[in-house]
Amino acid sequence: MMKTRAASLFFAERCRNILAANWRAHLNTIKADAKGSKDEIYTSKVHYAFHKGRPYLWIGEGDLHNMNTIIDERGSLSICTPIPGPLMGLLKSIRKLPARVALSGDVVRLKDKKVTPYINLKNLLYLSKQI
50 MMKTRAASLF FAERCRNILA ANWRAHLNTI KADAKGSKDE IYTSKVHYAF HKGRPYLWIG
110 EGDLHNMNTI IDERGSLSIC TPIPGPLMGL LKSIRKLPAR VALSGDVVRL KDKKVTPYIN
170 LKNLLYLSKQ I
């Protein structure tokens, strides 16, 4: 029992470190079209942050994810360990991909009054990356 608990705590800590070390992810939503077809997945890179254990995503106003989530809220977020470009090419060539975390659930739009603090947080994070 103790060995299993230690292994699961180690796994959870690795996931938490991957989530905290990055700020970009791939968001996947089910593509909605006029035919009602739900066969295709739309994927794009988005910025995210965690606050009190909840992920907050920044999706552009004109992005297709907005329409997709109005019709079907289901989505998944894939976050990879941040690795520099040339090293990533080397790892792919030897078929040793870096660790990734996948989250799935409903993508819900924030109400306008709740958005302002997160815009300020994003601006603060952006400025700290510039320094």
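Just so you know, we're using my numbering here: the sequence shown kicks off at 50 and counts up by one.
In this text, a Cβ means the ideal position worked out from N, Cα and C, and glycines have one as well.
Item: Could you give the distance in angstroms between the alpha-carbon of Glu62 and the alpha-carbon of Tyr91?; Value: 30 Å
Item: Give every residue of the same chain whose Cβ lies closer than 6 Å to the Cβ of Ile132, excluding the five residues on either side of it in the sequence, and list them in chain order.; Value: Pro147
Item: Does DSSP classify Asn77 as helix, strand or coil?; Value: strand
Item: Using C-beta distances below 8 Å, list every residue in its chain close to Trp72, excluding the 5 sequence neighbours before and after it, in chain order.; Value: His96, Tyr97, Ala98, Leu174
Item: Note down the Cα distance separating Lys80 from Asp88, rounded to an integer number of angstroms.; Value: 7 Å
Item: Would you call Asn136 buried or exposed, if buried means 16 or more other Cβ atoms sit within 10 Å of its Cβ?; Value: The residue you asked about is not Asn; residue 136 is Leu in the sequence shown. Counting Cβ neighbours within 10 Å, Leu136 comes out exposed, since fewer than 16 surround it.
Item: What residue from Ser57, Thr118, Leu76 has the CA that sits closest to Cys129's CA?; Value: Leu76
Item: Going by C-alpha distance, which of Ser153, Arg158, Arg149, Arg144 is nearest Ala69?; Value: Arg149
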